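First the structure, in the form of structure tokens, and then the observations on it.
In this note's numbering, the protein residues as written are 2 to 197.
In structure tokens:
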């Protein structure tokens, strides 16, 4: 009886040591994993190129210029659809980013479809204050093929960063990419590992 208890305690201690070693290894792996950035897809507008300036009507009836030189302000185009569940889950993030980055960034919700559906989307997610444009030509000009998609234009109307965004981190990676002057967070990490 005593020997079996000693063996059981030895097994428990060995298991505890193995669990501690695995936990440490998971911590090391977590540090090595790079942050996930917006997935870049093949698109017609390349990073660094000037976007063609388009004058479009918003769902509210106002006129809005997309692209072109802007007065020290960048422009984020967030392509969404009322039928896209991931788009809907990201609208609070977009609303928060618009508020937090209001000093340098203008956020525009873009899509194509029925204006009534987009107005309802704006009302449900409290984004009525953000301009919303519906234009198939706008999506085609940036090569948008999947949603939700975002394009960040710099102050001169050039494409600063772009990509498929499925989370807050993906959206924020567009801002980081612009800040570091790279096409994507993946390019930044590749450049940094090449310098090391």
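We put the beta carbon where it would ideally sit given N, CA and C, even for glycine.
As the structure is a prediction and not an experimental result, all values here were calculated from the model.
Query                                                                                                          : Result
Nearest neighbour of residue 175, chosen from 93, 96, 77 and 156 [CA to CA]                                    : 77
Residue 26 in three-state terms, based on DSSP                                                                 : helix
Buried/exposed call for residue 11, threshold 16 Cβ in 10 Å                                                    : exposed
CA-to-CA distance, residue 15 to residue 5, given in whole angstroms                                           : 15 angstroms
Buried versus exposed call for residue 130 [16 or more other C-beta atoms within 10 Å across all chains shown] : exposed
Cα-Cα separation, residue 86 to residue 13                                                                     : 46 angstroms
Whole-angstrom distance between residue 111 and residue 122, CA atom to CA atom                                : 12 angstroms
The region 98 to 114 contacting the region 66 to 80, beta-carbon criterion three pairs below 8 angstroms       : yes
Supposed close pair residue 160, residue 152 - CB separation, criterion 8 angstroms                            : 6 angstroms
Supposed contact pair residue 118 and residue 149 - C-beta distance, whole angstroms, cut 8 angstroms          : Not a contact, Cβ separation roughly 16 angstroms.
Sequence ranges, beta strand (DSSP E) only - wholly within the region 82 to 158, length at least 3             : 106 to 112, 133 to 135 and 150 to 154
For residue 158 and residue 54, believed in contact at Cβ under 8 angstroms, the rounded distance              : 6 angstroms
For residue 5, the three-state DSSP class (helix, strand or coil)                                              : helix
Rounded C-alpha distance that separates residue 168 from residue 19                                            : 34 angstroms
Buried versus exposed call for residue 56 [16 or more other C-beta atoms within 10 Å across all chains shown]  : exposed
Residue 115 burial status per 10 Å Cβ neighbour count (16 or more: buried)                                     : exposed
Segment limits, alpha helix (DSSP H) that includes residue 177                                                 : 169 to 181
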